[in-house]
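Structure, as structure tokens:
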Amino acid sequence: MFPTRRPRRLRRSPGVRNMVRETRLDPADLVYPLFVRSGSGVRDEIPSMPGNYQLSIDTLLEEVDAAWDDGVRAVLLFGIPDRKDDVGSEAWDDEAAVQAAVRALKKSRPELVVITDVCLCEYTDHGHCGVVRDGEIVNDDTLELLARAALSHARAGADWVAPSDMMDGRVGAIRNALDEAGMDQIAILSYAAKYMSAFYGPFREAAQSTPQFGDRSTYQMDPANATEAILEVGLDLDEGADIVMVKPALPYLDVIRSIKDRYDVPVAAYNVSGEYSMLVAAAERGWVDRERAMLEILTSIKRAGADVILTYDARRAARLVR
Ligand code: PBG
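Written out as structure tokens, the structure is:
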């Protein structure tokens, strides 16, 4: 008998394809990462991330207004400090750029979900995500500093804090600090399975956070490991993480799927700078259709199991799918 099952029947028209489509992007899924620094009128394009800028608070507010009009409802803030030192003390300065930006954003748009990246690497002169002693990145001494930074962001009004440093025990340390300060409603989005990736290159130019010696292989995960991601996520959940993230996204779709199948919590995925920039570069050369490739990439991340997607293309994507 010639095939009785013919899958092509359900691909015959846009109406039918639309009806049986399994994965749909929604602007509500998207988080837009932004870089903020002090000053005013600053809008410095990041050379390796075309269309992304270092912004001051006034231009940040304009950018967020435009993003809101596109349908974006959540942002992730990174700070570019005025001065760096060996412990990254500007990270917990209540008057620094991120903290001021959070206050300004929550004042102008209270409904916007404001998430802050909690890490020291942008703020330390050595560019590592923790305290350095004798050439080593010291875990436990770093926890207290991360908790200070998270508290400072929460005081400014952040809805969620997002530790990206990969120190052991940092989610618990931050959760304790927030709870002791009476901020039990501030959520933690942990970068739970964060890999030591080549795809962070453009971000490090944007955030001026390249390590000045060595690399991040003693704290970020080995790209070859998948079961270890299950361990990392389990630990972060035990310590009080509300949402867990896999980062980067595309080379780790298998990890996103296994985390989603294993744990009953929202899963986020970070479509990182290098993933964004390589698409932009290929599109500039006319080698791929930028919008189609972008939607295919974001759909694949959601299909793999991500509930939340952090992407530098949030505005473009929201405009196309809203
Ligand atoms: C800070 C941090 C990094 C990214 C997010 N938070 C860089 C790193 O770990 O070196 C990367 C984001 C991106 O590449 O888009 N620890």
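Numbering (the working numbering), first residue to last: 4 to 325.
Even for Gly, the Cβ is constructed at its ideal location relative to N, Cα and C.
Buried is the label assigned to Gly82, since at least 16 other Cβ atoms lie within 10 Å of its Cβ. With distances taken between CA atoms, Ala190 lies nearest to Pro269 out of Ala232, Pro269, Ala229. For the pair Tyr198 and Lys250, the CB atoms are nearer than the 9 Å cut-off. Pairwise C-beta distances place the stretch 232-252 in contact with the stretch 174-193, as three or more of them are shorter than 8 Å. Counting only the Cα atoms, Leu13 lies some 10 Å from Asn21. Judged by DSSP in its simplified three-state form, Thr314 adopts strand. Ranked by how close their Cα comes to the Cα of Gly54, the residues Ala165, Lys305, Arg318 have Arg318 in first place. A direct Cα-Cα distance of roughly 8 Å separates Ala232 from Ala195. Secondary structure within the stretch 107-139: the beta strand (DSSP E) runs of 3 or more consecutive residues, fully enclosed, are 116-121, 134-136 (chain order).
Between the beta-carbon of Asn274 and that of Ile246 there is about 16 Å, and that puts the pair past the 8 Å contact cut.
Ile300 and Leu253 do touch by the CB rule: their CB atoms are close to 7 Å apart, below 8 Å. For Thr127, same chain residues with a beta-carbon under 8 Å away, outside a window of 5 residues either side, are Lys87, Asp88, Asp89, Val90, Gly91, Val135 in chain order. Relative to ligand 1, even the nearest heavy atom lies 8 Å or more away from the CB of Phe216. With a cutoff of 9 Å on beta-carbon distance, Trp71 and Leu148 are scored as not near each other. Its chain contains Val121, Val164, Ile177 as the residues whose beta carbon lies nearer than 6 Å to that of Ala153, once the 5 sequence neighbours on both sides are disregarded; these appear in chain order. Judged by their CB atoms, Ala286 and Asp292 are nearer to each other than the 9 Å cut-off. Excluding residues up to 5 positions away in sequence, Ser59, Asp85, Ala100 lie with their Cβ nearer than 7 Å to the Cβ of Ser41 in the same chain.
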